[in-house]
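So the structure is just underneath, and the comments pick up after that.
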Amino acid sequence: MESTSSLNSRANAQFVLRGVVRVSLRGGHINNVIRLSNPFSASRNSSPSRRAYAGTVTLSDTAQNGLPVLRDPVVVAAFEGWNDAGDAASAALEHLDTTWQATPLMTIDDEDYYDYQVNRPIVRLVEGVTRELEWPGMHISYCSPPGSQRDVVLMHGAEPNMRWRTFCNRLLAIADRLNVSTVVILGALLADTPHTRPVPVSGTAYSPDAAKFFGLEETRYEGPTGIAGVFQDACVNAGIPAVAFWAAVPHYVSQPPNPKATVALLQRVEDVLDVEVPLGDLPEQAEEWEQAVSEMTTEDEEIAEYVQSLEERGDAEVDTTEILSKIDGDALAAEFERYLRRRGPRFGG
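Per my numbering, the very first residue in the sequence shown carries number 121; after that it's consecutive.
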């Protein structure tokens with residue numbers, strides 16, 4: 121279980137960016153409320169003026185013969201760490217990579233961006249004999265979803281420890297060379313939401329038209345952000361339409377995995393791409409996860425009462441925006457601290 125200070129920080133994982141409309145998702149499936157033309161379907165030439173980025177890009181072996189020619193590509197990105205409560209966003213990217221059989225394109229793992237005492241390399245066994253090192257980095261691949269007229273570029277990796285603006289410029293250079301037309305960023309944050317209810321998803325959109333298209337409405341959060349927020353801001357300033365979706369993860373069960381939140385994010389990807397995203401076993405895993413958490417919460421009377429209070433509070437809220445806009449990290453941590461002191465090591469790991 122994360123510390124009180126961590127709860128405070130992660131609960132404030134939303135943001136307001138210059139030139140970006142801060143919004144929250146309404147309940148119901150997005151396709152039922154869309155009546156506008158997709159603001160992200162316009163050609164690159166009709167977008168705001170784009171800045172050129174000449175950052176050095178090191179290609180993997182699979183791309184040494186040149187970058188692929190993609191069809192109106194869309195970037196879907198997620199960053200591990202502070203932006204990814206319960207690993208919900210990174211799990212969504214991994215699911216897309218596997219389901220759509222993505223082809224590796226390149227990896228950004230420069231020492232310029234990572235502190236290896238914070239993000240340590242991982243040693244893995246190969247066939248139980250030899251060992252190989254996996255360095256923290258940003259892995260980029262591409263795929264062609266069946267039935268879609270657009271290709272997808274997946275960007276997934278650890279949040280860098282330093283030089284964020286340079287790092288984002290490098291991602292933008294890659295996006296520019298691939299003629300990317302849209303960027304979708306996935307994240308997850310800790311919130312005072314019960315595990316027994318649909319996962320609230322908030323978002324930030326590129327323009328008021330985009331916000332209206334995705335059924336999003338304004339909220340007033342201002343506070344810390346992570347690399348996901350910085351990257352979206354960089355995209356907007358570069359003239360690339362960008363939207364971010366954030367799944368709310370119950371702060372009392374922050375340990376990964378959280379398949380329920382992962383499913384919620386994948387449904388938003390489906391909305392943007394307008395193509396079915398096969399969920400595989402994830403819905404069943406989400407049900408099992410919810411059942412397991414419910415069983416653990418009932419073992420502690422105070423935890424059970426706390427969850428019930430969240431349910432009652434959430435049920436009384438008609439608008440998801442009201443729930444997310446009222447998140448107060450200090451109050452949230454203080455309210456839950458007394459439960460943590462009494463619960464012992466049984467719950468939340």
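By construction, the Cβ of each residue, glycine as well, lies at the ideal position given by its N, Cα and C atoms.
Asked, Found
"Put residue 232 into one of helix, strand or coil per three-state DSSP.", "coil"
"Which same chain residues end up closer than 7 Å to residue 252 when comparing Cβ atoms and leaving out the 5 residues on each side of it in sequence?", "244 and 246"
"Residue 260: buried (16+ other C-beta within 10 angstroms of its C-beta) or exposed?", "buried"
"Can you give me the C-alpha to C-alpha distance between residue 188 and residue 386, rounded to a whole angstrom?", "25 Å"
"DSSP three-state call for residue 189: helix, strand or coil?", "coil"
"Are residue 207 and residue 377 closer than 8 Å when you measure CB to CB?", "yes"
"Residue 352 and residue 305 look like a contact to me (Cβ under 8 Å); what is the Cβ gap, rounded to whole Å?", "5 Å"
"So residue 238 is in the alpha helix (DSSP H); what residue range does that whole segment cover?", "Neither: residue 238 is in no alpha helix (DSSP H) and is coded neither H nor E."
"Quick one: any contact between the region 398-416 and the region 224-243, if contact means 3 or more CB pairs under 8 Å?", "no"
"Going by other Cβ atoms of all chains shown within 10 Å of its Cβ, with 16 needed for buried, is residue 267 buried or exposed?", "exposed"
"Spatial neighbours of residue 283 within its chain, please: C-beta separation below 8 Å, excluding the five flanking residues on both sides.", "232 and 233"
"Answer yes if the region 307-321 comes into contact with the region 358-372, meaning at least three C-beta pairs across the two stretches below 8 Å, and no otherwise.", "yes"
"Tell me which residues share the same chain as residue 216 and place their Cβ nearer than 8 Å to its Cβ, disregarding the 5 neighbours each side in the sequence.", "196, 222, 263, 272, 274, 386, 389 and 397"
"What residue from 433, 410 and 324 has the CA that sits closest to residue 312's CA?", "433"
"Using a 10 Å radius around the Cβ and a threshold of 16 neighbouring Cβ atoms, would you call residue 419 buried or exposed?", "exposed"
"What whole-angstrom Cβ distance do residue 360 and residue 280 have, given they're in contact under 8 Å?", "Not really, about 20 Å apart at Cβ, beyond 8 Å."
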